[in-house]
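J.: Numbering (full-length UniProt numbering), first residue to last: 1 to 305. Just so it is clear, CB atoms sit at the ideal spot from N, CA and C, and this is done for glycine as well. After the structure tokens below, expect a handful of questions from me.
What follows is the structure in structure tokens.
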């Protein structure tokens with residue numbers, strides 16, 4: 001069976017995907033959606049990461065971006081089983097020991113529910129204001145992944161020696177609850193796909209349409225085979241917007257609508273491509289409509305997946 005998760009509403013409000021009702025929503029809505037996701041069998045809830053949005057991008061991206069560590073920790077305290085995914089953390093903006101301290105604590109407090117999703121970032125001003133070279137973001141992320149592997153591992157005194165970061169003899173506790181925190185790499189560029197193949201436990205594509213996924217998955221497989229990597233890779237996909245049933249309002253031409261069986265049949269195509277988990281998004285006019293859609297998906301669509 002293919003797993004399904006959801007990017008949380010409210011916590012990021014880019015005009016690309018935000019519903020109007022989210023502008024007036026807040027913490028109680030996030031809690032309700034996270035609990036609904038757990039009740040409906042979702043594998044994870046996800047939150048994304050921006051430090052500050054430049055004025056030139058604010059009209060499109062908005063400036064509403066909740067901190068992922070604080071948000072996921074808050075939701076960990078009001079849920080019991082659902083995994084907590086950063087989708088994605090721009091870890092190159094922070095020293096790996098700082099990120100490790102935050103995410104190890106989150107994993108410890110949540111009883112081992114963290115999935116650390118990482119990405120290179122795309123907003124130059126965020127890097128510049130923090131004293132970092134935006135042009136080096138790919139190299140920064142590559143080394144951050146290696147440093148975080150060490151810093152989130154079992155050793156109380158992790159060690160890493162690289163071009164950008166060098167540390168040893170510095171202890172951090174609490175350690176993560178998981179022996180190995182899953183690290184999923186986000187992005188669909190050739191560099192991101194290669195990074196996911198060589199360094200990741202999973203791949204989080206950024207909006208690849210269905211017809212692009214088979215070639216991307218084939219490339220992931222080829223790179224891993226050539227490198228002799230035999231451990232499994234969790235391949236993800238972000239699916240089209242969904243609305244279960246017959247909508248009585250304009251949900252957009254790209255939205256998949258219809259009966260549970262029809263939606264399941266469409267979504268099973270992802271599994272046939274080699275996708276292991278799908279991230280779903282529902283069109284909604286309010287929190288109740290969203291949580292109703294999530295519950296119906298869990299009870300009526302998921303069994304057919």
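Quick one: measure Cβ to Cβ for residue 92 and residue 44, integer angstroms, because I've assumed they're closer than 8 Å.
T.: Walking along the chain shown from the start, residue 92 turns up at place 92. Walking along the chain shown from the start, residue 44 turns up at place 44. The pair is not a contact, with the Cβ atoms about 23 Å apart (cut-off 8 Å).
J.: Can you tell me whether residue 232 is buried or exposed? The criterion is at least 16 other CB atoms within 10 Å of its CB, across all chains shown.
T.: As a working mapping, residue 232 is identified with position 232 in the chain shown. The residue in question, residue 232, is exposed, as its Cβ has fewer than 16 Cβ neighbours within 10 Å.
J.: Compare the Cα-Cα distances from residue 119 to each of 24, 191 and 74 and report the closest residue.
T.: Numbered from 1 along the chain shown, position 119 holds the residue referred to as residue 119. The option with the nearest alpha carbon to residue 119 is 191.
J.: Between the alpha carbons of residue 76 and residue 12, how many angstroms are there, rounded?
T.: Locating residue 76 in the chain shown gives position 76, where the first residue counts as 1. Locating residue 12 in the chain shown gives position 12, where the first residue counts as 1. Near 18 Å, if we compare the C-alpha coordinates of residue 12 and residue 76.
J.: Could you tell me which whole alpha helix (DSSP H) segments of length 4 or greater appear in the stretch 88-130?
T.: As far as the stretch 88-130 is concerned, its whole alpha helix (DSSP H) runs of at least 4 residues are 96-110 and 124-129.
J.: Rounded to whole angstroms, what is the Cα-Cα separation between residue 47 and residue 114?
T.: Indexing the chain shown from 1 puts residue 47 at position 47. Indexing the chain shown from 1 puts residue 114 at position 114. Each residue's Cα considered, the two are about 12 Å apart.
J.: The beta strand (DSSP E) spanning residue 242 covers which residue range?
T.: Indexing the chain shown from 1 puts residue 242 at position 242. Its beta strand (DSSP E) spans residues 242-244.
J.: Since residue 383 and residue 220 are thought to touch, with beta carbons under 8 Å apart, how far apart are those beta carbons, to the nearest angstrom?
T.: Examination of residue 383 is not possible in this model, given that the chain is present from 1 through 305 alone.
J.: Could you check which residue in 152, 125, 88 and 64 has the C-alpha nearest to that of residue 102?
T.: Position 102 of the chain shown holds residue 102. That would be 152, whose Cα lies nearest to the Cα of residue 102.
J.: Do you know how far the Cα of residue 124 is from the Cα of residue 245?
T.: Position 245 of the chain shown holds residue 245. Position 124 of the chain shown holds residue 124. Approximately 42 Å between the Cα atoms of the pair.
J.: If I follow the unbroken beta strand (DSSP E) through residue 185, where does it start and stop?
T.: Here the question's residue 185 lines up with position 185 in the chain shown. Residue 185 -> beta strand (DSSP E) spans 183-186.
J.: When the Cα atoms are used, what is the spatial distance from residue 149 to residue 199?
T.: To locate residue 149, count along the chain shown from 1; it is residue 149. To locate residue 199, count along the chain shown from 1; it is residue 199. In a straight line, the C-alpha of residue 149 is about 10 Å away from that of residue 199.
J.: Could you check the C-alpha separation between residue 144 and residue 127 for me, to the nearest Å?
T.: Along the chain shown, one-based indexing puts residue 144 at 144. Along the chain shown, one-based indexing puts residue 127 at 127. Each residue's Cα considered, the two are about 15 Å apart.
J.: According to the neighbour-count rule (16 or more other Cβ atoms, all chains shown, within 10 Å of its Cβ), is residue 55 buried or exposed?
T.: Numbered from its first residue, the chain shown carries residue 55 at position 55. Exposed.
J.: DSSP three-state call for residue 7: helix, strand or coil?
T.: Taking the first residue of the chain shown as 1, we reach residue 7 at position 7. Correct three-state label for residue 7: strand.
J.: Three or more beta-carbon pairs under 8 Å between the stretch 259-279 and the stretch 210-230, yes or no?
T.: A contact exists between the stretch 259-279 and the stretch 210-230.
J.: Consult DSSP for residue 337 and reduce its assignment to one of helix, strand or coil.
T.: Nothing can be reported for residue 337, as the shown portion of the chain is limited to 1 through 305.
J.: Do residue 254 and residue 240 have their CB atoms nearer than 7 Å?
T.: Taking the first residue of the chain shown as 1, we reach residue 254 at position 254. Taking the first residue of the chain shown as 1, we reach residue 240 at position 240. Taking 7 Å as the Cβ cut-off, residue 254 and residue 240 qualify as a contacting pair.
J.: Taking C-alpha atoms, which residue in 305, 195, 53 and 236 lies nearest to residue 207?
T.: Along the chain shown, one-based indexing puts residue 207 at 207. Nearest of 305, 195, 53 and 236 to residue 207, Cα basis: 236.
J.: Which whole-angstrom value is the C-beta distance of residue 9 and residue 108, which I expect to be below 8 Å?
T.: On the chain shown, position 9 is the one that residue 9 refers to. On the chain shown, position 108 is the one that residue 108 refers to. So it is not a contact: roughly 27 Å between Cβ atoms.
J.: Quick check on the DSSP output: the beta strand (DSSP E) that includes residue 145 runs from which residue to which?
T.: Translated into the one-based positions of the chain shown, residue 145 becomes position 145. No beta strand (DSSP E) holds residue 145; the alpha helix (DSSP H) holding it covers 137-151.
J.: Nearest-angstrom Cα distance between residue 363 and residue 226?
T.: The shown model of the chain, from 1 to 305, leaves out residue 363, and the question about it has no answer.
J.: Just to confirm, is the Cβ distance from residue 89 to residue 295 under 7 Å?
T.: By 1-based counting over the chain shown, the position of residue 89 is 89. By 1-based counting over the chain shown, the position of residue 295 is 295. No. Outside cutoff.
J.: Counting only C-beta atoms, is residue 155 closer than 7 Å to chain D at any point?
T.: Among the chains in the structure shown there is no chain D, since it carries only a single protein chain.
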